Amino acid sequence: KLQVKHEADISHLHQEHALSAAKASEVIEDLEKTVAQLKQQLQDIEYRRHHHIKDQEMKFRQEKDELQINYEKKVSEVHREAEEETTEAKRKIAKLEDALREMESQLDRARESQRQLTQQADLALEQL
2 KLQVKHEADI SHLHQEHALS AAKASEVIED LEKTVAQLKQ QLQDIEYRRH HHIKDQEMKF
62 RQEKDELQIN YEKKVSEVHR EAEEETTEAK RKIAKLEDAL REMESQLDRA RESQRQLTQQ
122 ADLALEQL
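Going by our numbering, the sequence shown opens with residue 2, and the numbers climb by one from there.
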């Protein structure tokens, strides 16, 4: 009778041990699945983060390039306008210099005419 009880107790302990081992195995399996899911989520997050950074770098590069192009266009436009203004100023200066030469020429002719008139008047006075 004692032997039977002992064997029953041992059998019961084996069953409990087997049940505990099965539960532990199930918990380990669940934890491994959770770890695998978390690893996958982490990889997905890292991939998205890396992709986002690459997108931001590309966007930054494009914006920088656009700003550089716009800057160069503005500099070119200002340079072109300055050249146009310089050309226009030179044209006006040349026109004013021509006008000044013409006025000096007219003044010389007027002086010569005045000199001749004075000479004629002097001759006329001498003849009187």
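Ideal Cβ placement from N, Cα and C applies to all residues, glycine included.
These numbers come from a predicted model, not from an experiment.
Simplified DSSP state of residue i, which is helix, strand or coil
i	result
Lys2	coil
Leu129	coil
8 Å CB neighbourhood of residue i in its chain, flanking five on each side removed
i	result
Asn71	none
Ala145	This structure gives no information on residue 145, because the portion of the chain shown stretches from 2 to 129.
Close Cβ partners of residue i (< 6 Å) along its chain, the five nearest in sequence each way excluded
i	result
Gln42	none
Ala19	none
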